[in-house]
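Structure first, then comments.
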Ligand code: AMP
Ligand code: MG
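Residue numbers (my numbering): 876 to 1284.
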C-alpha cells in the first residue's frame, strides 16, 4: 500500500504544464494567465475629478466663509471625455463633471453640494478647500510599466476589467486540459435504458464529465469500453487520435480476473503503476502514461471514482494549467452529531456536510450516512470529505475534524 500523498507526488512528477495560447479578452474568464501583464499607460491616465462640482485654485477660496462668501465667474463646462480648452486662471472657476480631466491651473474640486449658490455664470463658495480635494491622480491604480496581473492568476471578472483597462485585447493563457473519459464494464447500459438482469446505468461518465466541466477542463466523453482486452486496446488507441491532454477510465482495475483495463494499460503504457492506495474509498488506482498522455485508471465504484478524481486527477489538471488550487481546501470543523463507523485500517475520506454557524462562529460538520464506495446518494448531499485516520472508528460530538471542501471549482 502507498500513501495518498506519495501516490499523488509520483503522479504529479510526470505532469508537464500545457503550452500558452492566446484568447480574446471576452473568452478569458476563468482561464489562467500564462505570463504577467504590464501596463503601457498610467491608470488613471490623467488627473481627474471624483465629484461633479467646480474646479478651482484653492488659494482663491482661502478667505471664504458663510459670513464672507467668495463668488467666482464660471468660465467653462468640462465634461468627461473632453479636456478644458484652456488653463484655469486666478479668480476663475470651471464647472466639471465626474471623470473629466482637471484643467491646468486648478488644484481642487468643490462638489456642487458644497457651494452656497450657483447660476449659469457664477458660483459662490462659503468655505476654503484644501489643495488636492476630490482629485484622482494619474497613475494611482498603475504606473506605466507596472505588472498589473502576474502569471498564474486565475482570471475573474475584476481581472478581466483590469485587462480591458490596460488595453489587453488578446490574453496569453494556459491551455485548458482536454480530458477523454471512458467508463468500462459489460454491465453498463445507457441512461435511457430500462434495466434488465445484471445491468446498471452508466453513472460515472456523467459525474466525471460534469466534474471536469465545473473544474474548467474540456471533457471528451468516449464510448464505454467492453470487458475485452482487444476492445479496450482499440478504444484507447482511438481516443489517442483526439490528442487529449489526459485520459480517464473508470472500472476494470481492481484485483478481479476480469479487470482488463489494468492489463491493457500496462501493455500500452509507460511507467504504469497499479496501486493499492492507503485510503477508502479509492484503494485501487492505475496511473501512468499512454502514448505520451497522462492516464488515470479510476475505480468503478461511483463514490470511489469521484474521490479518486478529487485526490489525484484534480491536482494533475491544475498543474497542467498552472493553477494553484489543485488540492482541496482544508478546514477544521466541529462535529455536530457523533457517528460510529467500521474501522478499515486505511485512511478514510467520509462524505459530510459543513456549514458556517454564525452563532458559534465556526464551521460545523454533519457526517452523512451511506459511506460505501458503491453508494452515490450520500455524495449528492455532501460538500466535504472528512479525513479520518486508519485507527479511528468514530467521530465524537464536539470534536474538531479535518475536512476537505468539495464545492470548489
Ligand atoms: P469494477 O472496478 O469494474 O469491478 O467496478 C466496480 C463497481 O463499480 C462495480 O459494481 C461496477 O458495476 C461499478 N461501476 C463500474 N463502472 C461504473 C459506471 N460507469 N457507472 C456506475 N457504476 C459503475
Ligand atoms: Mg468492471
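Glycine included, each C-beta is placed from N, C-alpha and C at the ideal position.
DSSP beta-bridge partners of residue 885:
As a working mapping, residue 885 is identified with position 10 in the chain shown. Paired residue(s): none; residue 885 is not in a bridge.
Compute the distance between the beta-carbons of residue 1049 and residue 909, then report whether it is under 8 Å.
Here residue 1049 refers to the residue found at position 174 when the chain shown is read from its first residue. Here residue 909 refers to the residue found at position 34 when the chain shown is read from its first residue. Yes; because the gap between Cβ atoms is below 8 Å, this pair is in contact.
Taking 7 Å as the cut-off, is the beta-carbon of residue 1059 closer than that to any non-hydrogen atom of the ligand MG?
Your numbering for residue 1059 matches position 184 in the chain shown. Residue 1059: yes, Cβ under 7 Å from the ligand MG.
Contact test: residue 1173 Cβ vs the ligand AMP heavy atom, cutoff 7 Å:
Residue mapping note: residue 1173 aligns to position 298 of the chain shown, counting from 1. With a cutoff of 7 Å, residue 1173 does not count as near the ligand AMP, since its C-beta is closer than that to no heavy atom of the ligand.
Assigned secondary structure, residue 923 (DSSP; H/G/I helix, E/B strand, else coil):
On the chain shown, position 48 is the one that residue 923 refers to. Three-state DSSP puts residue 923 in a strand.
Is the distance from the Cβ of residue 1090 to the Cβ of residue 892 below 8 Å?
To locate residue 1090, count along the chain shown from 1; it is residue 215. To locate residue 892, count along the chain shown from 1; it is residue 17. Using a Cβ distance threshold of 8 Å, residue 1090 and residue 892 do not count as a contacting pair.
Would you kindly report the start and end of the unbroken beta strand (DSSP E) that includes residue 1122?
For the purposes of this step, residue 1122 is taken as residue 247 along the chain shown, with counting starting at 1. 1121-1125 is the span of the beta strand (DSSP E), which, as asked, contains residue 1122.
What does DSSP give as the partner residues of residue 1075 in its beta bridges?
On the chain shown, residue 1075 is found 200 positions in, with the first residue counted as 1. 1063, per the DSSP bridge assignment.
Span separating the alpha-carbon of residue 1158 from that of residue 1233:
Counted from its first residue, the chain shown places residue 1158 at position 283. Counted from its first residue, the chain shown places residue 1233 at position 358. Cα-Cα distance, rounded: 37 Å.
Ends of the beta strand (DSSP E) at residue 1161?
Start at 1 with the first residue of the chain shown, and residue 1161 comes out as number 286. Counting along the chain, residue 1161 sits inside the beta strand (DSSP E) bounded by residues 1159-1165.
Please report how far the alpha carbon of residue 963 lies from the alpha carbon of residue 916, in whole angstroms.
As a first step, residue 963 must be located in the chain shown, where it is residue number 88. As a first step, residue 916 must be located in the chain shown, where it is residue number 41. Whole-angstrom Cα-Cα distance: 26 Å.
Kindly indicate which three-state DSSP category residue 1155 falls into: helix, strand or coil?
Position 280 of the chain shown, counting from 1, holds the residue named residue 1155. Residue 1155 falls in the strand class under three-state DSSP.
Could you give the distance in angstroms between the alpha-carbon of residue 914 and the alpha-carbon of residue 1014?
As a working mapping, residue 914 is identified with position 39 in the chain shown. As a working mapping, residue 1014 is identified with position 139 in the chain shown. A straight line joining the alpha-carbon of residue 914 with that of residue 1014 spans about 10 Å.
Chain-order list of residues whose beta-carbon lies under 6 Å from that of residue 1003 (same chain, five-residue window excluded):
Position 128 of the chain shown, counting from 1, holds the residue named residue 1003. Cβ neighbours of residue 1003 beyond the five flanking positions: 936, 937 and 939.
For residue 1218, which of helix, strand or coil comes out of DSSP?
Position 343 of the chain shown, counted from the first residue, corresponds to residue 1218. Residue 1218: coil per DSSP, three-state reduction.
Which same chain residues, not among the five before or five after residue 1130, have their C-beta less than 6 Å away from its C-beta?
Numbered from 1 along the chain shown, position 255 holds the residue referred to as residue 1130. Nothing meets the Cβ criterion.
With a threshold of 7 Å, establish whether the CB of residue 1123 neighbours any heavy atom of the ligand AMP.
Walking along the chain shown from the start, residue 1123 turns up at place 248. Not one heavy atom of the ligand AMP lies closer than 7 Å to the C-beta of residue 1123.
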